[in-house]
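Working notes for the structure below.
Residue numbers (the numbering used here): 1 to 558.
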């Protein structure tokens, strides 16, 4: 069969039920194979939209997302989704077309060195040099993407090789001697960790996106409740521990709760699970958690002691390690009363520093209230996908995520324009879920063309635009750190989002009254098909609390 038909057979063998992509000259043979393949293909309006949709699908389902693009500009348009997937450990396989092998290196039409461009931002990449390589390369790509620390894998296919006839034999096994991720964790280290926990008087569990990737949310909750361990999660870890649980401290980090950040600052033992101590968490690194010893559990050995030295490092899969840690800790029969004073301090912080904002005295919608209204209207059960900016932080603060894969956003790269296409991919992956995208008037316009994809394919995402007329987070920083010198952050009056939504074949609505907002949102969610809601909120509202850049966590403001 043709190599491209073998590609389709490999996708089916990997359990792929949908791909996102856009055809072009260098991947025309592949698209001819799609014609008869029986695999659902969602035609996006921009390759970046396809890449982010594949990310949203992967994050919402736990399966590997798949995106297709042609050569040259098609490939460079997926560079941002590839980098985003790398930063957030998202399993996506990207297929890019490439010029004919005889044109490689000649600056042929729509040629780009896709392998070279993406080398620093992929987990692995394959440059196909012979058509017989394709089947095994695809199966290896999926294996690499989904195992160990998940991540993006790129397969670049020259157009002449994709047309060649090959004898296709399914790859029955994937064996990569040089790639053997550690899964189980070292039992001696796990036992040491349990003993350290039993002795700790001020412990904190600090969980990240690795808990979600490892499907370890249930194990994290069981571990935390083996004793009264306080739990905080990163932006990427939200939903890994129930946001309504009494042991929940709230999110930590730059816009986390004071309780979570103060607890980290005062802790004598921090258990990091699937988290990487990035700068948004630590604040000033030299002053981060100076009283604490660190247990660091991560599947990626490169993350252990990268930013913060681990006293007890444990390399492995979070689910497996937590299961073993639970057994070891219970066997010690630790005295829970030792945590009494710690919880008195935590409860005092909670009482003194709750998340709060000054609500309007009239009908004006505060952005924080908009998120609370979405939470009330959805009963806390929706899949929430955010873009990047103030709205992202407010959503993380005020929507209380009780379940994993319920919160989807761009964390490490902070990609504006991620929200709508990622919500589209999440809705395709979970057609029975209510999927709400929360965006800003700046972010939404970066990939708003995917409204056409949603309308064409009857993908019923509900998009709520927190419209303050500004690039809000940049404006906030200019206010706080640049003496109110608002330089090029005013987004003006355009477009009319209601009319634009209608032009794209979606329902367009505008909400301006907080008194009816919850019922209005319920009505929007009940409206069939894709819906875009322009929610007019307070123009100049800041996201607090906040750790100023370069400051210590204990010096939060707001």
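We put the beta carbon where it would ideally sit given N, CA and C, even for glycine. Everything numeric in this text was worked out from a predicted model, so none of it was measured.
- Query: Should residue 40 be labelled buried (16 or more other beta-carbon atoms within 10 Å of its own) or exposed?
  - Reply: In the chain shown, the residue the question calls residue 40 occupies position 40. Counting Cβ neighbours within 10 Å, residue 40 comes out exposed, since fewer than 16 surround it.
- Item | Outcome for residue 1 when other beta-carbon atoms lying within 10 angstroms are tallied against a minimum of 16 | Looking up residue 1 in the chain shown gives position 1. Counting Cβ neighbours within 10 Å, residue 1 comes out exposed, since fewer than 16 surround it.
- For residue 534, which of 520, 75, 277, 544 has the nearest alpha-carbon? Taking the chain shown and counting its residues from 1, one reaches residue 534 at position 534. Considering only alpha carbons, the answer is 520.
- Nearest-angstrom Cα separation, counted from residue 111 out to residue 92: Stepping through the chain shown from its first residue, residue 92 is reached at position 92. Stepping through the chain shown from its first residue, residue 111 is reached at position 111. Those two C-alpha atoms are separated by around 23 angstroms.
- Query: Pick from 483, 356, 380: whose alpha carbon is nearest that of residue 369?
  - Reply: Looking up residue 369 in the chain shown gives position 369. The option with the nearest alpha carbon to residue 369 is 356.
- residue 330 burial status per 10 Å Cβ neighbour count (16 or more: buried): Sequence index remark: in the chain shown, residue 330 carries index 330 (1-based). Exposed, by the Cβ-count rule.
- Reference residue 336; option with closest CA among 321, 553, 197, 69: Counting from one through the chain shown, the residue named residue 336 turns up at place 336. Looking at the Cα atoms, 197 is the closest of the given residues.
- Is the Cβ-Cβ distance between residue 48 and residue 417 less than 8 angstroms? Numbered from 1 along the chain shown, position 48 holds the residue referred to as residue 48. Numbered from 1 along the chain shown, position 417 holds the residue referred to as residue 417. In contact: residue 48 and residue 417 (Cβ atoms closer than 8 angstroms).
- residue 245 versus residue 343 - alpha carbon distance: Here residue 245 refers to the residue found at position 245 when the chain shown is read from its first residue. Here residue 343 refers to the residue found at position 343 when the chain shown is read from its first residue. Their backbone Cα atoms lie some 14 angstroms apart in a straight line.
- Task: Using the Cα positions of residue 509 and residue 436, report the straight-line distance between them to the nearest angstrom.
- Result: Reading the chain shown from its first residue, position 509 is the one you call residue 509. Reading the chain shown from its first residue, position 436 is the one you call residue 436. One C-alpha to the other measures close to 15 angstroms.
- Query: In this structure, does DSSP put residue 206 in helix, strand or coil?
  - Reply: Here the question's residue 206 lines up with position 206 in the chain shown. Strand at residue 206.
- CB residue 541 to CB residue 45, shorter than 8 angstroms? Working through the chain shown from its first residue, we reach residue 541 at position 541. Working through the chain shown from its first residue, we reach residue 45 at position 45. Against a cut-off of 8 angstroms, the Cβ pair of residue 45 and residue 541 comes out as no contact.
- Query: Per DSSP, residue 154 forms a beta bridge with which residues?
  - Reply: By one-based count along the chain shown, residue 154 stands at place 154. 94, 125.
- Taking residue 324 and residue 187 to be in contact with their CB atoms under 8 angstroms, please state how far apart those CB atoms are, rounded to whole angstroms. As a working mapping, residue 324 is identified with position 324 in the chain shown. As a working mapping, residue 187 is identified with position 187 in the chain shown. Confirmed, about 7 angstroms.
- Message: By DSSP's criteria, residue 508 is part of a beta bridge. Which residues make up the other side?
- Response: Locating residue 508 in the chain shown gives position 508, where the first residue counts as 1. DSSP, once it has assigned bridges, lists 532 as partnering residue 508.
- Within 10 angstroms of the Cβ of residue 236, are there 16 or more other Cβ atoms? Answer buried if so, exposed if not. The sequence position of residue 236 within the chain shown is 236, counting from 1. Its Cβ being crowded by 16 or more others within 10 Å, residue 236 is buried.
- For residue 466, which of 538, 38, 270, 159 has the nearest alpha-carbon? The residue labelled residue 466 in the question sits at position 466 within the chain shown. The residue with the shortest Cα to Cα distance from residue 466 is 538.
- Quick one: using the 10 Å Cβ neighbour count with 16 as the cut-off for buried, is residue 587 buried or exposed? Past the boundaries of the shown model lies residue 587; the chain is included only from 1 to 558, so the question cannot be answered.
- Check the DSSP bridge columns for residue 251 and list the partner residues they point to. In the chain shown, the residue the question calls residue 251 occupies position 251. According to DSSP, which records beta bridges pairwise, residue 251 is partnered with 233.
- Task: Enumerate, from N- to C-terminal direction, the unbroken beta strand (DSSP E) stretches of 3 or more residues contained entirely within the region 372-397.
- Result: 383-386
- Item | residue 477 - DSSP class collapsed to helix/strand/coil | The sequence position of residue 477 within the chain shown is 477, counting from 1. Residue state, collapsed to three classes: helix.
- Would you report the Cα separation of residue 378 and residue 402, rounded to the nearest angstrom? Taking the chain shown and counting its residues from 1, one reaches residue 378 at position 378. Taking the chain shown and counting its residues from 1, one reaches residue 402 at position 402. The straight-line gap from Cα to Cα measures roughly 13 angstroms.
- Item | Best match in 301, 271, 279 for proximity to residue 293 [C-alpha to C-alpha] | Here residue 293 is taken as the residue at index 293 of the chain shown, counted from 1. Checking every option, the nearest Cα to that of residue 293 belongs to 271.
- Please determine if the region 79-90 and the region 116-134 are in contact, where contact requires at least 3 C-beta pairs separated by less than 8 angstroms. yes
- Item | Beta-bridge pairing of residue 43 - partner residues as DSSP gives them | Residue numbering aside, residue 43 sits at position 43 when the chain shown is read from its first letter. Per DSSP, 21.
- Task: Compute the beta-carbon to beta-carbon distance between residue 308 and residue 205, rounded to the nearest angstrom, for a pair I have assumed lies under 8 angstroms.
- Result: Here residue 308 refers to the residue found at position 308 of the chain shown. Here residue 205 refers to the residue found at position 205 of the chain shown. At roughly 15 angstroms, the Cβ-Cβ gap does not stay under 8 angstroms, so residue 308 and residue 205 are not in contact.
- Item | Top-ranked residue by Cα proximity to residue 80, from 553, 438, 523, 410 | Here residue 80 refers to the residue found at position 80 when the chain shown is read from its first residue. Taking only the C-alpha atoms, the option nearest residue 80 is 410.
- 8 angstroms Cβ cutoff met for residue 516 and residue 531: As a working mapping, residue 516 is identified with position 516 in the chain shown. As a working mapping, residue 531 is identified with position 531 in the chain shown. No, these two residues do not count as a Cβ contact at 8 angstroms.
- Close-in-space but distant-in-sequence residues of the same chain around residue 25 (CB under 7 angstroms, 5 per side omitted): If you number the chain shown from 1, residue 25 lands on position 25. Contacts found: 70, 110.
- Task: Decide yes or no for the touch test of the region 347-354 against the region 497-504: beta carbon pairs closer than 8 angstroms, at least 3 of them.
- Result: no
- Message: Spatial neighbours of residue 478 within its chain, please: C-beta separation below 8 angstroms, excluding the five flanking residues on both sides.
- Response: Residue 478 sits at position 478 when you count from the first residue of the chain shown. For residue 478, where only same-chain residues beyond five positions count, the Cβ hits under 8 angstroms are 484, 485, 486, 487, 489.
- Straight-line CA distance for residue 183 to residue 388? As a working mapping, residue 183 is identified with position 183 in the chain shown. As a working mapping, residue 388 is identified with position 388 in the chain shown. When rounded, the distance between both Cα atoms is 33 angstroms.
- Task: Quick one: grab the DSSP three-state call for residue 2.
- Result: Within the chain shown, numbered from 1, the residue matching residue 2 stands at position 2. Residue state, collapsed to three classes: strand.
- Whether residue 185 touches residue 276 by CB criterion (8 angstroms): The residue you call residue 185 lines up with position 185 of the chain shown. The residue you call residue 276 lines up with position 276 of the chain shown. No, Cβ-Cβ distance for residue 185 and residue 276 is not below 8 angstroms.
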